[in-house]
Amino acid sequence: MRRQITPGTVTLEAITFLLAFIVFVPILWSFVVSLKTDEASLPGAFHYFLPPFTIANYIEVLSGGTKVLLWLFNSVFVAVVVTIGMTLLCSMASYAIAKLQFRYRKGIYMYFLAGLMVPGEATIVALFVLANELKLIDTYLGLILPALAGSMNIIIMTSFLTGIPNDLIEAARIDGAGEFRTYKDVILPLSRTVIVTVSIFTFIGNWNSYLWPYLCAMNEDLFTLPIGIPTFVSQFSVDKTIPMTVNMIASLPILLFFIIFEKQIVKGISLSGIKG
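Mapping to full-length UniProt numbering: the sequence shown position 204 is 204, numbers consecutive.
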């Protein structure tokens with residue numbers, strides 16, 4: 001059966017194509033500029049898209065003389081540790097809020113809801129002062145610990161876990177399972193979808209994190225890629241090719257990440273709106 005083409009369908013597809021084009025153009029522009037070596041010799045913007053192309057900038061950036069590989073390691077290390085840590089902590093907290101009966105349970109849930117109303121920038125000064133008092137500034141621990149707090153992830157996971165039948169948990173308890181075993185053997189397997197969703201968004205968010213790493217990492221050896229890219233802009237203020245090369249190196253992992261987990265990301269967008 002052929003799909004009926006209506007003016008509304010054509011308009012919607014045209015808008016979708018336009019939005020995709022707007023998103024794609026900066027990526028394409030960054031890529032072609034990174035394949036050029038002498039920006040000053042190009043007479044116009046269109047000539048960026050004409051041969052010759054070269055990977056000399058990538059060789060220069062990755063072979064030595066810069067700290068891009070170290071920054072790449074820092075970005076991966078921090079994002080992975082935060083993703084694992086936040087997923088474990090949020091899943092445990094969500095299980096307690098959704099399925100355990102204890103005093104102030106609803107109050108704690110409301111506390112996390114209230115946390116969504118406060119922008120992170122409003123607490124950044126207090127966070128910096130506290131981290132400085134605890135000697136966490138300029139350390140990996142300082143980059144990781146503040147990122148482990150995620151109200152939105154707890155809200156999403158709590159809403160999901162609320163829908164798990166209590167009969168399954170009661171059956172596990174009748175079989176002699178304690179709370180941790182129930183969490184490990186019952187809750188985690190049933191929560192695979194929401195755990196993958198939370199993990200994906202946590203990884204992407206921490207990979208792109210800028211403000212807190214900018215304040216916390218004062219030593220270049222602790223820079224993540226979003227913090228390191230602006231240093232090339234100041235060093236190569238005329239030539240855009242090197243900064244664009246570093247930008248593509250920083251963007252490539254997350255682009256591949258999106259391509260691989262596209263279905264989970266789309267599912268996660270709908271899952272984040274589930275009714276609690």
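Ideal Cβ positions, reconstructed from N, Cα and C, are used throughout, including at glycine.
Leaving aside the five residues that flank I227 on each side, the residues in its chain whose CB is nearer than 8 Å to its CB run, in chain order, W71, Y210, P213, Y214, A217.
For the options F31, P26, V78, Y48, the alpha carbon positioned closest to that of L141 is the one of V78. A contact between stretches requires three or more CB pairs, one per stretch, nearer than 8 Å, and the stretch 147–161 meets this requirement with the stretch 76–96. In this structure, DSSP gives N153 a helical state, which the three-state scheme calls helix. Shown here, P51 sits in coil according to DSSP, grouped into three states, outside any helix or strand. By the neighbour-count criterion, in which a residue is buried when 16 or more other Cβ atoms sit within 10 angstroms of its Cβ, F17 is exposed.
Three or more pairs of CB atoms, one per stretch, sit closer than 8 Å, so the stretch 55–72 contacts the stretch 30–37.
Going by C-alpha positions, G107 is about 45 Å away from L69.
DSSP places T37 outside both helix and strand once states are collapsed to three, so it counts as coil. At least 9 Å separates the beta-carbon of V196 from that of L161.
Taking a C-beta distance under 9 Å as the contact criterion, S63 and M244 do not qualify as a contact pair.
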